[in-house]
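Here the structure comes first, spelled out in structure tokens, and everything after it is commentary.
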Amino acid sequence: MENQVYNWLVKKGTIIFRKNGDFITLQLDYENGESCLLTRSDNDEVVQLLTKIASQIWENPNYEKKPYTKQLYAKIDNDYYWKIDGSKLLLRYNEIENATEIRIKENKELNIEINYIVEIIQILEHLNR
320 MENQVYNWLV KKGTIIFRKN GDFITLQLDY ENGESCLLTR SDNDEVVQLL
370 TKIASQIWEN PNYEKKPYTK QLYAKIDNDY YWKIDGSKLL LRYNEIENAT
420 EIRIKENKEL NIEINYIVEI IQILEHLNR
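If you use my numbering, the sequence shown corresponds to residues 320 to 448, in order.
Next up, the structure:
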């Protein structure tokens, strides 16, 4: 499972996930746009996949669990974002496209810790309502 790569073709763009040790690596391909767009169905599938990979990491006896001590994301207006590896991961609901929008500012690839993944899953579920 360590090297399995998941390529998800979404409403606009491609989301690539893979387990990378104790992290989940996220890569986005915007396909000549500024962000990826996820339908409700895309959103559900991404949540299921992130949950599956995060559970595998969490249940590994060698994984060193880090306590969740504070909220990791910030919210400005309708934008949720996380600062990770010198980049920003942004989630928002795009009403014009009727889709969840995901974007990374700076890096093209992020290695994301489990505590961040849990928050990302929660926000994706919230945006999908």
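The beta carbon of each residue, even a glycine, is placed where N, CA and C say it ideally should be.
In this structure, I423 and F342 do not form a Cβ contact; the two beta carbons are roughly 15 Å apart against a cut-off of 8 Å. It is roughly 39 Å from the alpha-carbon of N351 to the alpha-carbon of E383. As computed with DSSP, V324 is found in a beta bridge with R337. Beta-bridge partners of R448 (DSSP): none assigned. For a cut-off of 8 Å, the C-beta gap from I334 to C355 is around 6 Å, short enough to register as a contact.
Membership of N351 in any beta strand (DSSP E) is not indicated, and neither H nor E is assigned to it by DSSP.
With a contact defined as Cβ atoms closer than 8 Å, T419 and L443 qualify at about 7 Å. In this structure V365 is not in contact with W401, their Cβ atoms being roughly 15 Å apart against a cut-off of 8 Å. In this chain, E378 is not harboured by any beta strand (DSSP E); it is covered by the alpha helix (DSSP H) spanning R359 to E378.
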